[in-house]
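Down below is the structure, laid out as structure tokens.
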Amino acid sequence: MPLDTVLCLDTSGSMAGKGMLELRKAVRQFLAGVQQTAIQTGLKENVAVVEFGGGVRIVQHLTNDYRRVQRAVDNLKPGGTTPMFEGLMEALKELCQNGGVLVLPGGIRMTPRVILMTDGKPDNQERVILAAAAFSREGYREVGLPYPVPIACVGCGSGVDVALLAAIAAATNGMFAIGDVSELSAFFLKQVLLIRFALQFANDMNKLRNLILLRQFLAQMGENVSEEEAIALRTLLLAMIVVAADDDSDDHRPALRAITAQPSASSHVVYTESTALVNGNNDREVNHCVHCCISMFCPCWICVWCYVCCKED
1 MPLDTVLCLD
11 TSGSMAGKGM
21 LELRKAVRQF
31 LAGVQQTAIQ
41 TGLKENVAVV
51 EFGGGVRIVQ
61 HLTNDYRRVQ
71 RAVDNLKPGG
81 TTPMFEGLME
91 ALKELCQNGG
101 VLVLPGGIRM
111 TPRVILMTDG
121 KPDNQERVIL
131 AAAAFSREGY
141 REVGLPYPVP
151 IACVGCGSGV
161 DVALLAAIAA
171 ATNGMFAIGD
181 VSELSAFFLK
191 QVLLIRFALQ
201 FANDMNKLRN
211 LILLRQFLAQ
221 MGENVSEEEA
231 IALRTLLLAM
241 IVVAADDDSD
251 DHRPALRAIT
261 AQPSASSHVV
271 YTESTALVNG
281 NNDREVNHCV
291 HCCISMFCPC
301 WICVWCYVCC
311 KED
């Protein structure tokens with residue numbers, strides 16, 4: 001079973017011009033990296049494309065025909081507002097209908113991932129949080145997913161709702177990066193390299209959790225990343241690994257602090273690590289701070305909060 005990735009792309013009117021050019025370029029480089037990984041390792045990653053803007057639809061179902069994926073992205077037309085809730089619901093639909101779980105050598109299983117790209121604020125913040133909840137530990141069973149699915153968010157431009165992306169990442173144990181649209185390619189490239197890292201060390205969970213090893217691997221691939229950036233990438237990777245997601249050990253849980261730091265002198269992308277919905281101890285104490293933040297966006301989340309607290313008791 002291949003690894004499944006859904007690209008959930010903002011094609012609102014503000015993406016016209018440079019935004020769409022950079023998006024197409026980034027996806028092209030992402031697919032080239034995925035294809036190279038397939039040739040070198042035998043892993044054919046399935047990629048789907050969902051757009052939300054003037055229209056909301058699954059542009060391309062999960063496939064390893066990367067030319068079809070690229071044609072689908074090349075044909076995207078910017079327009080309209082930012083119906084992010086509907087976009088995430090389409091991504092969820094695609095995963096429920098066509099997604100699967102990848103089994104790596106050694107028996108480690110990896111869930112699909114969603115890569116969410118946006119350059120603005122959604123039409124309805126509260127509904128977006130509800131959508132993210134469907135991918136989370138608290139909600140995945142209710143919608144038919146076999147495991148929680150992390151969302152890697154990348155925000156481009158000055159109009160991005162940073163707090164909302166942080167809440168989405170927190171709810172799904174994903175990550176997010178904030179930068180200029182011209183830096184989309186760098187973000188997508190690191191997503192490719194993250195999977196190569198997982199494949200190379202698939203037989204050793206300790207190595208997959210090793211932050212220094214991850215940074216060394218990325219440096220060998222030509223990507224020098226800061227500790228903060230590496231932490232965010234590792235958080236996403238461990239959220240995708242089912243073994244890690246079910247393990248209560250302290251050494252790989254996402255930290256309880258948000259990180260906002262410059263990854264390198266050559267880039268002004270800001271990487272932020274997601275905050276776990278439970279604390280990183282063996283008692284799995286509920287992280288009330290995160291639930292409170294999410295509830296500020298979506299009062300309905302209080303029901304989820306209460307449910308988790310009851311389970312803790």
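In full-length UniProt numbering, the protein residues as written are 1 to 313.
For each residue, glycine too, the CB sits at the ideal point set by N, CA and C.
This structure is a prediction, so every number in the text was calculated from the model and none was measured.
{"Item": "Less than 9 Å separating the beta-carbons of residue 12 and residue 161?", "Value": "no"}
{"Item": "How should residue 46 be labelled, buried or exposed, when 16 other C-beta atoms within 10 angstroms of its C-beta is the threshold for buried?", "Value": "buried"}
{"Item": "Check residue 4 in the structure and name its three-state DSSP category.", "Value": "strand"}
{"Item": "Between 197, 231, 239, which has its C-alpha nearest residue 221's C-alpha?", "Value": "197"}
{"Item": "Rounded to whole angstroms, what is the Cα-Cα separation between residue 170 and residue 14?", "Value": "26 Å"}
{"Item": "Note down, one range per segment and in chain order, each alpha helix (DSSP H) of at least 4 residues found wholly within the stretch 35 to 93.", "Value": "66 to 74"}
{"Item": "For residue 103, is the classification buried or exposed, using 16 other Cβ atoms within 10 angstroms of its Cβ as the cut-off for buried?", "Value": "exposed"}
{"Item": "Using three-state DSSP, classify residue 212 as helix, strand or coil.", "Value": "helix"}
{"Item": "Mind the definition here: the stretch 23 to 36 touches the stretch 132 to 143 only if three or more C-beta pairs lie below 8 Å; say whether that holds.", "Value": "no"}
{"Item": "Between the alpha carbons of residue 9 and residue 114, how many angstroms are there, rounded?", "Value": "10 Å"}
{"Item": "Give the straight-line distance between the Cα atoms of residue 187 and residue 202, rounded to the nearest whole angstrom.", "Value": "23 Å"}
{"Item": "Pull up the CB-CB distance for residue 135 and residue 92, whole angstroms please, since I reckon it's below 8 Å.", "Value": "7 Å"}
{"Item": "Under a three-way DSSP split, which group does residue 201 fall into?", "Value": "coil"}
{"Item": "Based on the DSSP output, what are the partners of residue 116 in its beta bridges?", "Value": "8, 153"}
{"Item": "Taking three-plus beta-carbon pairs below 8 Å as touching, is the stretch 173 to 189 in contact with the stretch 146 to 161?", "Value": "yes"}
{"Item": "Note down the Cα distance separating residue 336 from residue 27, rounded to an integer number of angstroms.", "Value": "Only positions 1 to 313 of the chain appear in the structure, and residue 336 is not among them; the question remains open."}
{"Item": "Just to confirm, is the Cβ distance from residue 123 to residue 85 under 9 Å?", "Value": "yes"}
{"Item": "Does residue 21 pass the burial test, meaning 16 or more other C-beta atoms within 10 Å, or should it be called exposed?", "Value": "exposed"}
{"Item": "Let me know if residue 94 comes out buried or exposed under the rule of 16 or more other beta-carbons within 10 Å of its beta-carbon.", "Value": "buried"}
{"Item": "For residue 30 versus residue 242, is the C-beta spacing smaller than 9 Å?", "Value": "no"}
{"Item": "So the candidates are 81, 41, 44; which of them puts its Cα closest to the Cα of residue 52?", "Value": "81"}
{"Item": "For residue 225, name the three-state secondary structure that DSSP assigns.", "Value": "coil"}
{"Item": "Verify whether the separation of the beta carbon atoms of residue 72 and residue 49 is less than 9 Å.", "Value": "yes"}
{"Item": "Less than 9 Å between the beta carbons of residue 230 and residue 238, yes or no?", "Value": "no"}
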